[in-house]
Every structure is written in structure tokens, then in C-alpha cells.
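Step one of this worksheet: look at the structure below.
There are 2 protein chains.
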Amino acid sequence: METSTHPGDELELSIDLRLAPGESAATRAAEIAREQTVELDLALVPEPVRAAAAGRVVAVAETGPHRAHARLAFPAAAAGAELPQLLNLLFGNISMQRGVRLTAVRWPEALLAAFPGPACGVDGLRARCGVTVRRPLLLATLKPLGLGASELAQLAGRLARGGIDLVKDDHSLADQPWAPFAERVARCQEAVAAANRHGRSCLYVPNLTGPIDRLGERVEMLTSLGVRAALIAPLLVGLDTVRSLAARSGLALLAHPSLSGALLGATHGFAPALLWGELFRLAGADGVIYPHAGNRFRFTRRECLDVAAALRRPLGAFAPAFPVLGGGMDAARIRRLRRLYGPDTIFLAGASLLGHPAPEEGAAALRHEIEREPSPPGRLSGSR
Amino acid sequence: METSTHPGDELELSIDLRLAPGESAATRAAEIAREQTVELDLALVPEPVRAAAAGRVVAVAETGPHRAHARLAFPAAAAGAELPQLLNLLFGNISMQRGVRLTAVRWPEALLAAFPGPACGVDGLRARCGVTVRRPLLLATLKPLGLGASELAQLAGRLARGGIDLVKDDHSLADQPWAPFAERVARCQEAVAAANRHGRSCLYVPNLTGPIDRLGERVEMLTSLGVRAALIAPLLVGLDTVRSLAARSGLALLAHPSLSGALLGATHGFAPALLWGELFRLAGADGVIYPHAGNRFRFTRRECLDVAAALRRPLGAFAPAFPVLGGGMDAARIRRLRRLYGPDTIFLAGASLLGHPAPEEGAAALRHEIEREPSPPGRLSGSR
Chain A
1 METSTHPGDE LELSIDLRLA PGESAATRAA EIAREQTVEL DLALVPEPVR AAAAGRVVAV
61 AETGPHRAHA RLAFPAAAAG AELPQLLNLL FGNISMQRGV RLTAVRWPEA LLAAFPGPAC
121 GVDGLRARCG VTVRRPLLLA TLKPLGLGAS ELAQLAGRLA RGGIDLVKDD HSLADQPWAP
181 FAERVARCQE AVAAANRHGR SCLYVPNLTG PIDRLGERVE MLTSLGVRAA LIAPLLVGLD
241 TVRSLAARSG LALLAHPSLS GALLGATHGF APALLWGELF RLAGADGVIY PHAGNRFRFT
301 RRECLDVAAA LRRPLGAFAP AFPVLGGGMD AARIRRLRRL YGPDTIFLAG ASLLGHPAPE
361 EGAAALRHEI EREPSPPGRL SGSR
Chain B
1001 METSTHPGDE LELSIDLRLA PGESAATRAA EIAREQTVEL DLALVPEPVR AAAAGRVVAV
1061 AETGPHRAHA RLAFPAAAAG AELPQLLNLL FGNISMQRGV RLTAVRWPEA LLAAFPGPAC
1121 GVDGLRARCG VTVRRPLLLA TLKPLGLGAS ELAQLAGRLA RGGIDLVKDD HSLADQPWAP
1181 FAERVARCQE AVAAANRHGR SCLYVPNLTG PIDRLGERVE MLTSLGVRAA LIAPLLVGLD
1241 TVRSLAARSG LALLAHPSLS GALLGATHGF APALLWGELF RLAGADGVIY PHAGNRFRFT
1301 RRECLDVAAA LRRPLGAFAP AFPVLGGGMD AARIRRLRRL YGPDTIFLAG ASLLGHPAPE
1361 EGAAALRHEI EREPSPPGRL SGSR
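Those sequence lines, one after another, are chains A and B.
Note that my numbering gives residue 169 to position 169 of the first sequence, counting from 1, and the numbers run on in steps of one.
Note that my numbering gives residue 1009 to position 9 of the second sequence, counting from 1, and the numbers run on in steps of one.
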């Protein structure tokens, strides 16, 4: 592998490439470095501009037939400390090519420092749920789309009384006629507050993913109701909107992966740990929802564990964030997965809970399960 | 193909599926219809909710080995007249599966009416460029990243004097130290205005793709400078931000495809005509930049022509929008492509212009070319 040195004020990208027959890995890597920065034949770029702003190839190696791995360095200044431009730098024009998969980024500290990251993080979200003992948290979803606000609120109250730590809106609940936003959040918050007046400490997490020019008024509405957390789908509103909400709203934010799976192709796009783990956390998500392996979605166990590791590992001055594991979670699966993921995890109990004839009993059984087990070892191994 | 009827207040989605060996197309289609709406086993959904809110399969047919085509219907009310939720409905959770490609949507008129679409459209943007004769428009880009504001402004002035109709910032120009936003837009606008005082009618199009909480002040700054158009990358700021800007900013908007290519997989994601043609236009883009086939990107000629058709076809009450064709455009290529795309097209001249020793002469040659040729027939055929 050819290598050259690089100064510390650069982002270093690790990229897996699929090459056309006869294509040179070195040429392809150099084209990508140029495409993502100066976007011109280097012969047309004055030397001082090239030195300051052009991306460059740090190392490139063929890894198999028509496959290569490249490390590219981009000047941190090219990102301009703005998240939309950072995304553009990472995967702007090359999104329109094929066979370019961004697997990791080495971040310069100065760039990380431009983003506050999670406002609450693991400890802050634990505090809002009143769970200081180090066990996983339980999250349940209010659905289906089509229920009325009072039915959703009734369900919220039952789940809260049963001992669920966080009760969220389904990500499909927006401002539809069946349960308009204002009515729904007021009723659900009141139902959860009523349970909390009887000894529970549940956090209601309404879906804030709405029109960009109504987010301000919706945040105000939530705040006035005493709501302290919200669900937001970064790809539906733009990742930078999450950053802005994390910085200003006062709400803990759970990020939903809607639409984002399209960016996670097996040979083109982002590695899940980079998008869901690092970029969603950099934008300010206190927890990131994603499906654990082995259900109707398509991610491997290794990829899912890598996301969790990325959410919690030391990165700039960012607080660690929760992995929030969805996809067919019932008591047995949660019991297995907590060994794998450790206590700083949120489990999203789905249909198993809503299918229970008495949701509060299903909730209580899960709560019993999550409290009963001794704090497991933190090692990321063991059976699924 | 099995078919059932459907009422007019539904979105009808056309989807190409790749199936696992032994997987039933009908089962897969039904799972997708459920996943994207009620997201629960239908046995758990009360009958009135199912009837009102659940997606359903209209028709499904196997189209080859492990391939199928499905038509699904979703209640329009599920979108709640909000663009983030519309995106979620179209490709939220299924983004995390594989082998689901959304190729077309039949839109209910009532849903389209909730979105204003392009504020200027083809005619409005022509008027802002002062080009009422029905010829294609010429667009050039200020780059590379790393040039100073005065150098970019000098280039803008030369391109405007040469007769380029629109001069835009490169999409990588944000607020970097080399050419900070405020300084750059003021200088470039002044340089273009100076050319316009000498008989030109060029429109400067700065890159507005910036932090979500600074867009308001940047729009004000542009307006106060007399800027009347801007570049915005919908996937970098969120598609709904484009809608909001189209409704309120007073600026004509050119949409840039940065990052969006990741959503356009060959077997998973959106067809380009749906994302770039219909959704970007629905959000309010007056022109959509994308690369024509046959260069360093990966789209077919058919796909590229379909995008242009989608941007211009009757759709709700939307004004038609311009296809803005990039990717290695020089005079010869523009001459060929204008026969294919017709006059309501913008050609983005790239490196051929910036590599010219005297950019104003290169610009003048292109202007001569675009004015010289008689208005071509509108048919979408002929050589590349």
C-alpha cells in the first residue's frame, strides 16, 4: 500500500471501491478525491489552490478482483464547519457514481469541535427517564397510523403504567386527520403524566418530524406541555435540522432511520456505523433507532454492533448516545441481546407488546425482565 | 396481473421488486404495503383503521426470475399534506430492505394541491434571465473551491460579459475561509451586475445550501443584494427546506443532486425521474441539475430523458421546471443534446469553459452556438 503523510487538519476517509474491468484503483481514487473537492482537472487548478483545497489520495490497495480500498484526505477547511457541506464533501457528487462505499472517517478534532453533538446523551436521557440504575431502557411505540388521538393516549397510559421507560409516537404519525399533532401530543403527554403521578417515570416521545417551517411552533407546543423528548427522522428533515434542534430545542432527540437505509448500499453509500453511529451522533441524536440483525431488515450482526460501538466510543467531546434496537423485540430476544449490547442500550418493543391483550401486562412483564437480570458484562460477544 | 379497483384519494406506487429464492411476490408486496403504513400485522389492526389507513396491493405480477412488479395504493390522508411524511410513506422503512425500487407514483390531485411546486418555473426563470426567445439557457459554474472571493467574482464577470445566462457558485462553495459566503455573494453579484449594466442580462445563482438556522439571514442578505436565484441541494438540507424556500424566499431555485445519487440504486431506491423529476419539482425546484448520460456518472440516456419529461409534464397545477444538464458539456455536446432535449433546457458548461484561456471568449462562443441554431424540433429522439 503506497502511503504519504498528511497534516492533522484533514479528514481521512476510508473507501471501498468496485472497479470496472481494467480500471486502475489509483486513478479512480484520485478522481474521487478531485471530484469531491475542486471538481476540475488538476491542470486547471492553480497550485496554491490545489495545495489548500484539493483532496488527495493517502493510500490505495487492490483488495480483490475489481476491488480496492482507498484512503483519501480532504482539508477540514473544505467543510467550512457546516453540516450540509460536510455531507457534500463526504458523499456529494460521488453519490451519482457506482461502487463507492464510505466505511470510516478519521475526524480532525477541530472539525468535531464545531458540532455540539448530543445535548443529553446516555446519562442525560437516563435522568429524564428516572433510570439511574445501569440497566437497558424499554421503549414502546404508539401505533398503528389511523388510530384516534384518544386511543393512542389510552395506549400510552397503559404502556406507561406497565413500566415502559419511553413511549414514542410511531414515525408515521405526523399531522393526519385521524390524530392531529396538537391533539395527539396533548392527550398522550397527559396520559403518560397521569401514570407518572402514580409512581412511574415514563418519558413521552412525540414525533416531531414535520414541515420545516412549523418545527419552531411545534417545539414550543411540546415545551409548554412539559414534553422533554422527541422523535426525529434525520433524512426526512435534513441532518442539519437535527443539529439545530439539538442545539436549541431543549428536547432529547431519538433519531429514526426512515429513508436512510437507501444510503447504506452493500457496495455504494455509507457503512451503517458511519451514518447512524457517527453522523447522526455528530448531529446531536441522543439515541439512534435501527433494526438489529435477523429480522425483516437486512443488516448483519457485525454492522449492528458497529453502530452501537460508534454511538458510544470517545469522539471529540461528544456525549455517548444510545443504540435503540428495534425489529421484532420480545422478552426472549431482549434477554439475549442485552448480553451482546450491554446496559447502555434501549430496546424498542414492537408488535409483541401491541399484540398483547392487555398492553400494561405485556409492559410489566418486559419491565420485570429488564430489572430482574443482573447487569451483564459489557463484552460485545456471545450468542444472539 | 391481478387487479382491484381503488378510490381516487390514494397514491398509487409502482414498484419493481427483487425477490429472494422461493419468496412470493404477492406476500412481499403485501408486507411492503403494511410496513409503510400501519406497520403491524393486520390481525392487530382494528378493521376501521385498516380500511382507512393501511396500504394495499392493487396488482402484482412476476416479471422474471426473482423479479416482480407491484402496484400499491396508500391513502392520501396518510401523507398528512406534509412533505417529510410523504417521503416516509414512499420510502421510509423499506429503505432498510433490499430490492425495492420505486419507479412511479400516480398522485391524487388533492395531495398535489397541498404543495405549491415551482415558484418561477420555466417561464419565470426565463424572465429573470431576460431570455424570452425560446432557446436553451447557458449556465456556468464558479469554481474551484479554494479560490478567493475576488477571483471568483472576476470569473463571474467574465462569464457574464461573454453572454452566459446564469452563473452559479459551485455546490462546494459554502462559507469556507477562502471565500466566505457574505463576501463572495456580494462580490459576485456586483461583478454580474456590472456586466448587466453593459447590455448583458445574467443571473447570479449563489449556493444557499447552508446551516438550516442561517438560511433566513442568508436569504435576507441575498435579497438585499438584488440576487434573484439560488442553488440548493435538497438532500443536504432536506427536501422540505426547498419547499419552504420556494414558498417564502422569492428566489428562483436550482436544485443540485449532491448526495441524492445514493437514493437512485439500480435495484433499490427511486427511479431518477421520480426523485429528480417529480419530487424535486413538487418541492419547488425551478430547475434540477443532473448529469446527462455518457460521462463520469452512471445514468442511462433513457433515465435522463425521463427526468426531463417528468420536470415538464402536466402535474397538478405545477409550473414546468427546467432540466439542467451537466457533465462534460462543451459546444459540440450541447449542439447534439439540444436536438434531444428541446429548447426548455439549461446546459451547464463545465470544465470546457473554465479551461479556456479567456473565459469570456469561451462563453461568447457558447452563446453564439446557442443563438445561432434554429429552434430545433421538440421531439425527444435523434443522436446523442
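Note that beta-carbon positions come from the ideal geometry of N, C-alpha and C, so glycine has one too.
Predicted model only: the values in this text are computed from it and were never measured.
Assuming residue i and residue j form a contact by the criterion Cβ under 8 Å, report the distance between their Cβ atoms to the nearest whole angstrom.
i, j, result
"A:L11", "A:P108", "6 Å"
"A:A285", "A:L253", "5 Å"
"B:G1092", "B:Q1036", "6 Å"
"B:L1125", "B:F1347", "14 Å between Cβ atoms; not a contact."
"A:A332", "A:A365", "Not confirmed; about 11 Å, so no contact."
"A:T223", "A:G350", "About 29 Å separates the two Cβ atoms, so there is no contact after all."
"B:A1149", "B:E1183", "4 Å"
"B:A1029", "B:L1072", "7 Å"
"B:E1278", "B:A1255", "Going by Cβ atoms, the distance from B:E1278 to B:A1255 rounds to 12 Å, so no, they are not a contact pair."
"B:L1166", "B:L1145", "Not quite, the Cβ-Cβ distance comes to about 19 Å (not below 8 Å), so this is no contact."
"B:L1235", "B:P1206", "Incorrect: roughly 19 Å between the Cβ atoms, too far for contact."
I need the straight-line Cα distance from residue i to residue j, nearest angstrom please.
i, j, result
"B:Y1204", "B:G1316", "30 Å"
"A:S4", "A:I15", "Interpretation of A:S4 is limited by its pLDDT of 40, a score under 50 that renders its predicted location unreliable; the figure taken from the coordinates is listed afterwards. Approximately 17 Å between the Cα atoms of the pair."
"A:A53", "A:L17", "23 Å"
"B:G1382", "A:E82", "Low confidence applies to B:G1382: its pLDDT is 40, below 50, so where it sits in the model is not reliable enough to give any reading."
"B:E1062", "B:G1055", "20 Å"
"A:Q176", "A:V237", "18 Å"
"A:F318", "A:L282", "7 Å"
"A:W276", "A:R296", "19 Å"
"B:V1192", "A:L264", "41 Å"
"A:R228", "A:D213", "21 Å"
"A:A43", "A:C304", "43 Å"
"B:F1280", "A:P291", "29 Å"
"B:F1115", "B:S1201", "31 Å"
"B:N1147", "A:E23", "One point to set straight first is that residue 1147 of chain B is Leu, not Asn, in the sequence displayed. C-alpha separation (whole angstroms): 31 Å."
"A:G80", "A:L87", "11 Å"
"A:S352", "A:G328", "7 Å"
"B:A1262", "A:C188", "37 Å"
"B:L1274", "A:N196", "47 Å"
"B:S1244", "B:G1326", "26 Å"
"A:L380", "B:A1179", "Note that A:L380 scores a pLDDT of 46, beneath 50, so its modelled location is shaky and nothing firm can be said."
"A:V185", "B:Q1085", "17 Å"
"A:R67", "B:L1354", "34 Å"
Can you name the residues that DSSP bridges to residue i?
i, result
"B:L1141", "Contrary to the premise, residue 1141 of chain B reads as Thr rather than Leu in this sequence. According to DSSP, B:T1141 bridges with B:K1168."
"B:D1016", "B:H1069, B:R1101"
"A:P75", "A:E10"
"A:L203", "A:L166"
"A:V57", "A:L72"
"B:P1136", "B:P1136 is not bridged to any residue."
"A:A230", "A:L253"
"B:G1326", "B:P1291"
"B:I1346", "B:L1137, B:V1324"
Exposed or buried, residue i, counting other C-beta atoms within 10 Å across all chains shown (16 or more means buried)?
i, result
"B:E1220", "exposed"
"B:D1009", "exposed"
"A:Q368", "Reading the sequence as shown, one finds His at residue 368 of chain A and not Gln. That one is exposed."
"B:H1268", "buried"
"A:H171", "buried"
"A:E39", "buried"
"B:H1069", "buried"
"A:S260", "buried"
"B:E1371", "exposed"
"A:E217", "exposed"
"B:D1306", "buried"
"B:H1198", "exposed"
"B:G1121", "buried"
"B:T1027", "exposed"
"A:R384", "For A:R384, the predicted structure reports a pLDDT of 40, less than 50, and the residue's modelled location is therefore unreliable. A value from the coordinates is still provided. That one is exposed."
"A:T132", "exposed"
"B:G1287", "buried"
- Message: Any contact between the segment 17-35 of chain A and the segment 98-114 of chain A? By contact I mean 3 or more CB pairs, one from each, below 8 Å.
- Response: yes
query: Just checking, does the segment 1147-1166 of chain B make contact with the segment 1356-1365 of chain B on the three C-beta pairs under 8 Å criterion?
result: yes
- Query: For the 8 Å Cβ check, are there 3 or more pairs between the segment 1334-1347 of chain B and the segment 1126-1146 of chain B?
  - Reply: yes
**Request:** For the segment 243-253 of chain A and the segment 69-80 of chain A, state whether three or more C-beta atom pairs, one from each stretch, are separated by less than 8 Å.
**Result:** no
Three CB pairs or more closer than 8 Å across the segment 295-302 of chain A and the segment 103-122 of chain A:
no
Tell me which residues of the segment 201-216 of chain A have at least one Cβ-Cβ distance to chain C shorter than 7 Å, keeping chain order. The chain labelled as chain C is not found among the protein chains of the depicted structure, namely A and B.
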